[in-house]
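Residue 1 is where the sequence shown starts when you use this note's numbering, and the numbers rise one by one after that.
Notes follow the structure.
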Amino acid sequence: MRFDLDMPAWKWPFYVARHPFEGFEDLRWKKAYNTKVAMVIVLCFFIITVCQQVMTGFLFNTSYVKVFNIVPLLVQTIILFFTWVIGNWSLCTLFDGEGSVKAICSVSAYALVPYLITQVVVIIASNVLLTGEAAFIVFFQYLGILWSVVLMISGIKTVHQYSIPKTLLAMVFTVAAMVIILFLLVLLLSLFQQVYIFGFSIYTELMYRFSL
1 MRFDLDMPAW
11 KWPFYVARHP
21 FEGFEDLRWK
31 KAYNTKVAMV
41 IVLCFFIITV
51 CQQVMTGFLF
61 NTSYVKVFNI
71 VPLLVQTIIL
81 FFTWVIGNWS
91 LCTLFDGEGS
101 VKAICSVSAY
111 ALVPYLITQV
121 VVIIASNVLL
131 TGEAAFIVFF
141 QYLGILWSVV
151 LMISGIKTVH
161 QYSIPKTLLA
171 MVFTVAAMVI
181 ILFLLVLLLS
191 LFQQVYIFGF
201 SIYTELMYRF
211 SL
């Protein structure tokens with residue numbers, strides 16, 4: 001028996017997580033995409049990633065660093081997510097996709113929910129389990145990833161009204177587009193940095209001349 005499809009916006013991510021195929025169809029039919037809920041999920045993605053690095057039990061923490069740096073975590077979560085959304089939307093216009101930026105953003109965020117839930121379980125379990133019980137942690141890690149991948153495929157397929165092969169092809173091209181976008185962003189940041197250094201050098205030189 002289905003849930004009430006007039007459910008609050010915050011319940012939809014959990015609904016589609018439990019109904020990977022019909023859930024996204026219901027979401028599309030009701031036009032219940034909600035960017036606010038999606039943004040909360042993306043924020044949780046970032047927070048849980050931070051917690052994963054600093055709160056995972058020392059027996060299972062392979063990312064321990066002496067100096068905590070938040071920038072790589074921002075890139076791995078928030079920037080990577082929006083790069084995925086932009087890349088998928090840009091490419092799917094060439095593949096005759098029907099999804100809008102709002103729809104792609106929403107289903108992509110909703111697909112992260114199982115991964116985030118299992119990561120919370122892993123963080124907690126890593127502080128109470130021993131190394132001999134690592135199979136439990138590995139199981140939940142792969143379960144969350146696999147579940148989210150299935151949801152992502154189903155969500156992208158539904159918003160663009162693709163077949164499964166075309167969805168997989170579009171996702172592969174989206175990953176390639178993400179690499180190109182990130183490469184261009186790095187070049188752009190490098191250019192801005194050089195312009196800033198050049199401008200600051202001129203400013204310093206002028207201040208030195210006027211102070212003589």
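For every residue, glycine included, the Cβ atom is placed at its ideal position computed from N, Cα and C.
Bear in mind the structure is a predicted one, so any value in this text is a computation, not a measurement.
Pick out whichever of 62, 121, 131 has its Cα sitting closest to the Cα of residue 144.
Ranking the options by Cα distance to residue 144, first place goes to 121.
Is there contact between the region 96-113 and the region 24-39, where contact requires at least three CB pairs shorter than 8 Å?
Touching, per the Cβ criterion.
Is residue 56 buried or exposed, if buried means 16 or more other CB atoms sit within 10 Å of its CB?
So residue 56 counts as buried.
Please report the distance separating the alpha-carbon of residue 198 from that of residue 185.
Those two C-alpha atoms are separated by around 20 Å.
With a cut-off of 8 Å, does the C-beta of residue 102 fall near any C-beta of chain D?
Among the chains in the structure shown there is no chain D, since it carries only a single protein chain.
Using CA atoms only, rank isn't needed, just tell me which of 190, 173, 135, 207 is closest to residue 84.
Per the Cα distances, 173.
Helix, strand or coil for residue 264? Go by DSSP, reduced to three states.
Past the boundaries of the shown model lies residue 264; the chain is included only from 1 to 212, so the question cannot be answered.
Leaving out the 5 sequence neighbours to the left and right, which residues in its chain are closer than 6 Å to residue 89 when beta-carbon positions are compared?
Within the same chain, residue 89 has close Cβ partners 101, 104.
Tell me the rounded alpha-carbon separation between residue 162 and residue 176.
Going by the C-alpha atoms only, they are around 19 Å apart.
Figure out for me which residue from 39, 99, 134 has the closest Cα to the Cα of residue 77.
Ranking the options by Cα distance to residue 77, first place goes to 39.
Assign residue 6 to buried or exposed, taking buried as 16 or more other Cβ atoms, counted over all protein chains shown, within 10 Å of its Cβ.
When all chains shown are included, residue 6 counts as exposed.
Mapping the DSSP letters down to three states, classify residue 161 as helix, strand or coil.
In the structure shown, residue 161 sits in coil (DSSP, three-state: anything other than H, G, I, E or B).
Mapping the DSSP letters down to three states, classify residue 88 as helix, strand or coil.
In the structure shown, residue 88 sits in a helix (DSSP, three-state: H, G or I).
Going by C-alpha to C-alpha distance, which of 20, 37, 28, 24 sits closest to residue 8?
Measuring from the Cα of residue 8, the nearest candidate turns out to be 37.
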